[in-house]
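Worksheet for the structure shown next.
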Amino acid sequence: MYERTQSHISLRELDHESHQKIDRPYELLHVLEFSSSRRRMSVIVRNVENQLLLLSKGSDSVMLERLSKNSQDFVAVTMDHVKDALIEAAADEIERDLILLGATAVEDKLQIGVPECIEKLENAGIKIWVITGDKMETAINIGYACSLLREDMEQIVITLDSPEIIELEKKGDKEAVAKASRESVANQIRRGTLLLSSYEGRSVSPALIIDGKSLSFVLSQNLEGSFLHLAVSCASVICCRSTPKQKALVTRLVKKGTGRTTLAIGDGANDVGMLQEADIGVGISGVEGMQAAMSSDFAIAQFRFLERLLLVHGHWCYRRISMMVCYFFYKNIAFGFTLFWFEAYASFSGQPAYNDWYMSCYNVFFTSLPVIALGVFDQDVSPRLCLMNPELYKEGIQDILFSWPRILGWILNGIICSVVVFFFTTSSAVHQAFRGDGRVVDFEVLGVYMYSCVVWTVNCQMAISINYFTWMQHLVIWGSIAFWYAFLLIYGAFPPLFSTTAYQVFVEACGPSPFFWLGTMLVVVSCLLPYLLYRTVQTEFFPMPHDSIQKWQRETSDGRRGKLREKDTLLCK
Numbered sequence: 001m002y003e004r005t006q007s008h009i010s011l012r013e014l015d016h017e018s019h020q021k022i023d024r025p026y027e028l029l030h031v032l033e034f035s036s037s038r039r040r041m042s043v044i045v046r047n048v049e050n051q052l053l054l055l056s057k058g059s060d061s062v063m064l065e066r067l068s069k070n071s072q073d074f075v076a077v078t079m080d081h082v083k084d085a086l087i088e089a090a091a092d093e094i095e096r097d098l099i100l101l102g103a104t105a106v107e108d109k110l111q112i113g114v115p116e117c118i119e120k121l122e123n124a125g126i127k128i129w130v131i132t133g134d135k136m137e138t139a140i141n142i143g144y145a146c147s148l149l150r151e152d153m154e155q156i157v158i159t160l161d162s163p164e165i166i167e168l169e170k171k172g173d174k175e176a177v178a179k180a181s182r183e184s185v186a187n188q189i190r191r192g193t194l195l196l197s198s199y200e201g202r203s204v205s206p207a208l209i210i211d212g213k214s215l216s217f218v219l220s221q222n223l224e225g226s227f228l229h230l231a232v233s234c235a236s237v238i239c240c241r242s243t244p245k246q247k248a249l250v251t252r253l254v255k256k257g258t259g260r261t262t263l264a265i266g267d268g269a270n271d272v273g274m275l276q277e278a279d280i281g282v283g284i285s286g287v288e289g290m291q292a293a294m295s296s297d298f299a300i301a302q303f304r305f306l307e308r309l310l311l312v313h314g315h316w317c318y319r320r321i322s323m324m325v326c327y328f329f330y331k332n333i334a335f336g337f338t339l340f341w342f343e344a345y346a347s348f349s350g351q352p353a354y355n356d357w358y359m360s361c362y363n364v365f366f367t368s369l370p371v372i373a374l375g376v377f378d379q380d381v382s383p384r385l386c387l388m389n390p391e392l393y394k395e396g397i398q399d400i401l402f403s404w405p406r407i408l409g410w411i412l413n414g415i416i417c418s419v420v421v422f423f424f425t426t427s428s429a430v431h432q433a434f435r436g437d438g439r440v441v442d443f444e445v446l447g448v449y450m451y452s453c454v455v456w457t458v459n460c461q462m463a464i465s466i467n468y469f470t471w472m473q474h475l476v477i478w479g480s481i482a483f484w485y486a487f488l489l490i491y492g493a494f495p496p497l498f499s500t501t502a503y504q505v506f507v508e509a510c511g512p513s514p515f516f517w518l519g520t521m522l523v524v525v526s527c528l529l530p531y532l533l534y535r536t537v538q539t540e541f542f543p544m545p546h547d548s549i550q551k552w553q554r555e556t557s558d559g560r561r562g563k564l565r566e567k568d569t570l571l572c573k
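full-length UniProt numbering applies: residue 1 is where the sequence shown begins, and numbers increase by one.
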């Protein structure tokens with residue numbers, strides 16, 4: 001090629017007739033770009049005779065498979081030159097009686113803290129798969145370096161490097177190669193499944209290792225189900241010689257086949273598809289560029305930071321979200337059911353229990369900030385103890401804190417609180433003198449009385465449920481209660497045209513009444529007693545992992561800042 005424009009290419013060729021070099025122009029029509037999965041590229045051109053030509057280049061294993069039947073003789077002649085056995089024999093004859101001069105070694109070091117991080121993630125109950133483009137020997141060495149493979153662990157290896165398949169590939173019979181490869185992969189999966197049955201009751205499970213060729217047949221020949229059943233039963237899975245597309249397909253297979261949440265971590269452009277396919281993508285920024293980090297949900301600088309991301313922030317976020325959702329159910333049921341009880345009490349006459357502004361502001365001003373503080377700041381265990389006790393992470397895997405029994409328990413707690421609030425306030429206030437002049441309550445005063453009890457109860461419930469108190473928690477919890485009384489004063493000061501039933505109700509009726517303050521305190525204590533009793537019994541007799549660690553943290557004299565002794569680790573085992 002001696003000249004090229006955007007639309008034309010000029011080649012200097014040898015003319016078959018004149019045996020002279022001539023210049024021939026070609027019109028460039030289209031380029032089929034190279035990709036790591038295709039392993040070839042092609043161009044479509046038109047010559048001066050108006051013929052369309054496809055010119056391709058690529059690896060021999062890919063190109064020879066795509067030759068026409070008329071070119072099979074050329075394939076045979078080409079493959080005939082590959083005398084691997086003869087060359088090896090000749091080399092063996094030559095390489096004799098050598099003198100040792102020295103030795104070299106190349107080490108592909110893992111990042112600092114990778115083996116320790118993987119060990120903690122395994123202790124946390126996380127299944128770890130390695131999907132790499134490295135060859136099998138390198139992948140196995142990485143597995144041993146990361147402690148994914150151990151000497152006492154048997155390996156189930158699925159590969160297509162058998163002599164029979166290699167012989168068929170030399171013959172160039174693509175259909176026979178595909179058929180034999182599929183049968184070989186299916187047989188190896190069946191043998192691995194039979195081997196697993198002999199491991200029932202043992203503490204150590206085998207590891208599964210599969211190469212890229214075998215993986216391509218697994219993903220395209222209806223073998224996904226049997227392969228996935230085998231893989232999820234193994235202690236570790238290593239997929240080597242995998243293309244970027246295979247990485248994404250394996251991630252999709254695990255995500256859809258098991259229904260579990262998947263996390264993918266990678267540092268190169270080849271990992272982008274896998275990161276985007278997984279539920280959570282974590283990109284490592286560094287030597288191989290920023291493509292993985294830019295395509296991920298989270299970006300970290302080193303692999304070992306994944307330990308803190310999952311075991312600390314993952315555990316905290318699970319607790320915070322679980323508690324937030326349950327608390328939302330609780331506080332709205334506690335408030336909403338008082339309306340239901342009141343309507344039944346008023347014979348469903350349509351008499352409102354609360355002023356319209358009270359109901360509008362309940363979830364906006366009086367109970368919202370404590371929930372936000374819970375979702376942002378709450379910590380049941382310190383970061384150091386989370387890292388030293390990875391078993392805490394199993395609470396999320398086993399869905400202990402967001403199960404149906406727990407959700408129904410909070411719903412029941414809300415119903416109990418609504419019953420206590422309504423029936424205690426009505427039975428204690430309706431038939432007795434409430435104001436200083438001896439008058440009993442009316443509906444407006446009863447509504448403020450009930451509403452005050454609800455606001456106190458749900459905020460105090462948050463105070464005894466929260467694990468990590470700072471000035472922020474104190475501010476939003478007690479500030480929400482104080483803001484309710486400030487709202488009563490300000491809103492009640494407006495003329496009746498605007499404040500309607502709230503006009504001076506706190507200043508004239510509720511505030512001066514000792515019965516109002518004493519009754520509110522008794523109602524709040526009565527509402528919280530069932531939960532306090534449950535927590536006491538559960539913590540003392542049926543403690544969860546975080547309960548044990550919290551108890552140890554409280555009883556240790558040096559607390560969160562002290563050093564954990566070696567014998568005190570893994571408290572929740």
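Here a beta-carbon is modelled for each residue, glycine too, at the ideal position from N, C-alpha and C. Please read these numbers as outputs of a predicted model, since none were measured by experiment.
Let me check understanding here. Comparing Cα to Cα, which of E395, K179, Y354, V157 lies closest to F335?
Residue 335 sits at position 335 when you count from the first residue of the sequence shown. Checking every option, the nearest Cα to that of F335 belongs to Y354.
Of the residues Q291, I284, R308, I280, the one placed nearest D297, counting alpha carbons only:
For the purposes of this step, residue 297 is taken as residue 297 along the sequence shown, with counting starting at 1. It is I280.
Buried or exposed (CB count within 10 angstroms, at least 16 for buried), G259
Looking up residue 259 in the sequence shown gives position 259. Its Cβ having fewer than 16 others within 10 Å, G259 is exposed.
Using 8 Å for Cβ pairs, my map puts V454 next to V421. What's the rounded Cβ distance?
Sequence index remark: in the sequence shown, residue 454 carries index 454 (1-based). Sequence index remark: in the sequence shown, residue 421 carries index 421 (1-based). The beta-carbon separation of V454 and V421, rounded to 6 Å, stays under the 8 Å limit for a contact.
Check whether N459 and S480 have beta carbons under 7 Å apart
Position 459 of the sequence shown, counted from the start, is the residue given in the question as residue 459. Position 480 of the sequence shown, counted from the start, is the residue given in the question as residue 480. Going by C-beta atoms, N459 is nearer than 7 Å to S480.
Starting from residue 574 and walking both ways along the beta strand (DSSP E), at which residues does that stretch end?
Residue coverage of the chain in this structure runs from 1 to 573, which leaves residue 574 outside it and unanswerable.
If you draw a straight line from the C-alpha of E183 to the C-alpha of L306, how long is it?
In the sequence shown, counting from the first residue as 1, residue 183 sits at position 183. In the sequence shown, counting from the first residue as 1, residue 306 sits at position 306. Rounded to whole angstroms, E183 to L306 spans 39 Å at the Cα level.
State buried or exposed for S242, treating a residue as buried only when at least 16 other CB atoms are found within 10 Å of its CB.
For the purposes of this step, residue 242 is identified with residue 242 of the sequence shown, where counting begins at 1. With 16 or more Cβ atoms within 10 Å of its Cβ, S242 is classed as buried.
Buried versus exposed, by CB contacts within 10 Å (16 or more), L571:
The sequence position of residue 571 within the sequence shown is 571, counting from 1. With a pLDDT of only 42 at L571, under 50, the local geometry of the prediction cannot be trusted, and no value is derived from it.
Contained beta strand (DSSP E) runs [length at least 3] in the segment 7-92, N- to C-terminal order
For the segment 7-92, whole beta strand (DSSP E) runs of length 3 or above, ordered along the chain, are 8-14, 21-32, 40-46, 52-58.
From S233, K171, F328, pick the residue whose C-alpha is nearest to that of Y199; which is it?
Walking along the sequence shown from the start, residue 199 turns up at place 199. Cα-wise, what sits closest to Y199 is S233.
Selection from L196, L55, Q302, K174 that minimises the alpha carbon distance to V114
The residue given as residue 114 occupies position 114 in the sequence shown. When each option's Cα is compared against that of V114, the closest is Q302.
What span of residues does the alpha helix (DSSP H) with F377 cover, start to end?
On the sequence shown, residue 377 is found 377 positions in, with the first residue counted as 1. Element bounds for F377: 368-377.
Below 8 Å on the Cβ atoms is my contact criterion, and I expect I131 with M274 to pass it. Report the Cβ-Cβ distance as a whole number of Å.
Translated into positions along the sequence shown, residue 131 becomes position 131. Translated into positions along the sequence shown, residue 274 becomes position 274. About 7 Å; that satisfies the 8 Å criterion.
Roughly how many angstroms separate the alpha carbons of D378 and E137, rounded to a whole number?
The residue given as residue 378 occupies position 378 in the sequence shown. The residue given as residue 137 occupies position 137 in the sequence shown. Cα to Cα, D378 sits roughly 46 Å from E137.
How many angstroms separate the CA atom of R554 from the CA atom of H313?
By one-based count along the sequence shown, residue 554 stands at place 554. By one-based count along the sequence shown, residue 313 stands at place 313. Spanning the two alpha carbons is a distance of roughly 21 Å.
Own chain partners of H8 with C-beta closer than 8 Å, once the 5 adjacent residues on each side are dropped
In the sequence shown, residue 8 corresponds to position 8, counting from 1. So the qualifying residues of the chain are P25, Y26, E27, L28.
Could you give the first and the last residue of the continuous beta strand (DSSP E) run that contains V237?
As a working mapping, residue 237 is identified with position 237 in the sequence shown. Membership of V237 in the beta strand (DSSP E) is indicated by the continuous run 236-239.
Specify, as a first and last residue, the run of the alpha helix (DSSP H) that I477 falls within.
The residue you call residue 477 lines up with position 477 of the sequence shown. Unbroken alpha helix (DSSP H) run through I477: 471-492.
I'd like to confirm the pairing. Which residues does DSSP put opposite E3 in its beta bridges?
Counting from 1 along the sequence shown, the entry for residue 3 is found at position 3. According to DSSP, which records beta bridges pairwise, E3 is partnered with S10.
Cutting at 8 Å between CB atoms, please list the residues of its own chain near T338, excluding the five before and the five after it.
What you label residue 338 is simply residue 338 of the sequence shown in a count that begins at 1. Counting only Cβ-Cβ distances below 8 Å, and skipping sequence neighbours, we find A353, S418, V421, F422, M450, V454.
The segment 146-162 in contact with the segment 205-218 per 3-pair CB rule at 8 Å:
yes
Span of the alpha helix (DSSP H) holding F303?
As a working note, residue 303 is residue 303 in the sequence shown. Looking at the DSSP string, F303 is not in any alpha helix (DSSP H), and its letter there is neither H nor E.
By DSSP's criteria, A264 is part of a beta bridge. Which residues make up the other side?
By 1-based counting over the sequence shown, the position of residue 264 is 264. A264 is bridged to G281.
To which residues of the same chain is R12 closer than 6 Å at the C-beta, ignoring the five residues directly before and after it?
By 1-based counting over the sequence shown, the position of residue 12 is 12. So the list reads Y2, K21, D23, once near-sequence residues are dropped.
Buried or exposed: which applies to G559, given that a residue is buried once 16 or more other Cβ atoms fall within 10 Å of its Cβ?
Position 559 of the sequence shown, counting from 1, holds the residue named residue 559. Unreliable placement is indicated for G559, whose pLDDT of 44 sits below 50; no coordinate value is reported for it.
Quick check on DSSP: helix, strand or coil for V204?
Taking the sequence shown and counting its residues from 1, one reaches residue 204 at position 204. Coil, per DSSP.
With H, G and I counted as helix, E and B as strand and the rest as coil, what does DSSP make of G257?
Looking up residue 257 in the sequence shown gives position 257. Helix.
Are the CB atoms of F424 and V505 nearer to each other than 7 Å?
Translated into the one-based positions of the sequence shown, residue 424 becomes position 424. Translated into the one-based positions of the sequence shown, residue 505 becomes position 505. No. Outside cutoff.
For W129, the nearest candidate out of M324, G58, L263 (CA to CA):
Numbered from its first residue, the sequence shown carries residue 129 at position 129. Distance from the Cα of W129 is smallest, within the candidate group M324, G58, L263, for L263.
So, C239 versus D134, is the Cβ gap smaller than 7 Å?
One-based indexing of the sequence shown puts residue 239 at position 239. One-based indexing of the sequence shown puts residue 134 at position 134. Not closer than 7 Å, so no.
Out of H30, R46, G58, point me to the one whose CA is closest to R38's CA.
Here residue 38 refers to the residue found at position 38 of the sequence shown. Minimum Cα distance to R38 is reached at G58.
So, are the CB atoms of Q155 and A231 less than 7 Å apart?
Against the sequence shown, residue 155 aligns to sequence position 155. Against the sequence shown, residue 231 aligns to sequence position 231. Cβ distance not < 7 Å, so Q155 and A231 don't count as in contact.
Exposed or buried, W517, counting other C-beta atoms within 10 Å across all chains shown (16 or more means buried)?
One-based indexing of the sequence shown puts residue 517 at position 517. With fewer than 16 other Cβ atoms within 10 Å, it is exposed.
For P514 and G409, the rounded distance between their alpha carbons:
Position 409 of the sequence shown, counted from the first residue, corresponds to residue 409. Position 514 of the sequence shown, counted from the first residue, corresponds to residue 514. For G409 and P514, the distance between alpha carbons rounds to 34 Å.
At the level of alpha carbons, what is the spacing between R561 and P496?
Taking the sequence shown and counting its residues from 1, the one referred to as residue 561 is at position 561. Taking the sequence shown and counting its residues from 1, the one referred to as residue 496 is at position 496. The predicted position of R561 is uncertain, since its pLDDT is 44 and thus under 50; no value can be drawn from it.
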